[in-house]
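Each residue of the sequence shown is one higher than the one before, starting from 7 at the first, in my numbering.
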Amino acid sequence: MEENKKYIHRIWADINSTGIDSIDNHHKKYIEVINNLVDILNNDKETAEVLDVFHKLLYYAETYFLDEELLYQRNNYADLTKHKQEHKDFIAEINHFRDDYQEKENTVCVRMMKYLDIWYKNHILIEDIKAVKG
Ligand SMILES: [Fe+2]
């Protein structure tokens with residue numbers, strides 16, 4: 007790996023709190039998984055570690071997205087349908103990356119890192135906060 011290709015760990019900041027502990031904890035967990043991927047990108051990739059990242063992301067999506075959706079539904083969030091679609095798209099995208107990885111497509115980790123960062127900025131920091139705070 008080239009020296010200038012080092013990735014840095016993402017850090018949770020209180021300013022990004024939704025004000026709801028359970029949702030914040032999901033978001034902190036998400037950052038942990040991103041950081042697993044950062045470590046993989048900064049070191050030699052081990053297949054088992056990459057597969058573990060896929061497993062964690064899909065587990066995260068299947069459990070935490072449902073928790074969120076139930077909460078937003080209870081709060082009568084007006085954009086719930088759009089929000090649920092974004093969750094579905096995330097799951098489809100991660101499955102797509104996993105398929106590419108199994109097809110030995112060697113840019114998967116780098117492309118997925120970009121996607122996870124965009125998701126963090128556009129969904130977690132904007133859509134989830136909008137859903138909670140209105
Ligand atoms: Fe969400």
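All residues carry an ideal CB built from backbone N, CA and C; glycine is no exception.
Closer than 8 Å to a non-hydrogen atom of ligand 1 - does that hold for the CB of residue i?
{"i": "D134", "result": "yes"}
{"i": "I37", "result": "no"}
{"i": "A98", "result": "no"}
{"i": "A19", "result": "no"}
{"i": "E74", "result": "yes"}
{"i": "E68", "result": "no"}
{"i": "H61", "result": "no"}
{"i": "I40", "result": "no"}
{"i": "F71", "result": "yes"}
Exposed or buried, which one is residue i when buried takes at least 16 other CB atoms within 10 Å?
{"i": "E8", "result": "In this prediction, E8 has a pLDDT of 49, which is less than 50 and means its spatial position is unreliable; what the coordinates show is noted afterwards. Exposed, since its Cβ has fewer than 16 Cβ neighbours within 10 Å."}
{"i": "R104", "result": "buried"}
{"i": "V116", "result": "exposed"}
{"i": "H15", "result": "exposed"}
{"i": "D134", "result": "buried"}
{"i": "I124", "result": "exposed"}
{"i": "T69", "result": "exposed"}
Please report the Cβ distance between residue i and residue j, rounded to the nearest whole angstrom; I am assuming they are in contact, meaning their Cβ atoms lie under 8 Å.
{"i": "L129", "j": "E92", "result": "For clarity, residue 129 is His in the given sequence; the question names Leu instead. 6 Å between Cβ atoms; contact."}
Over the uninterrupted alpha helix (DSSP H) stretch that includes residue i, give me the two end residues.
{"i": "S28", "result": "27 to 48"}
{"i": "K139", "result": "135 to 139"}
{"i": "L77", "result": "53 to 80"}
{"i": "W125", "result": "114 to 125"}
{"i": "H15", "result": "Segment: none, H15 is in no alpha helix (DSSP H) and carries neither H nor E."}
Find the nearest neighbour of residue i within the set the options, judged by alpha-carbon distance.
{"i": "V59", "options": "N42, D106, V138, Q108", "result": "N42"}
{"i": "E52", "options": "D30, K90, Y107, A19", "result": "Y107"}
{"i": "V138", "options": "V114, I124, D123, E75", "result": "E75"}
{"i": "T87", "options": "N49, L72, K34, A54", "result": "L72"}
{"i": "G140", "options": "V114, E109, K127, A84", "result": "A84"}
{"i": "K94", "options": "K35, R80, L64, N112", "result": "L64"}
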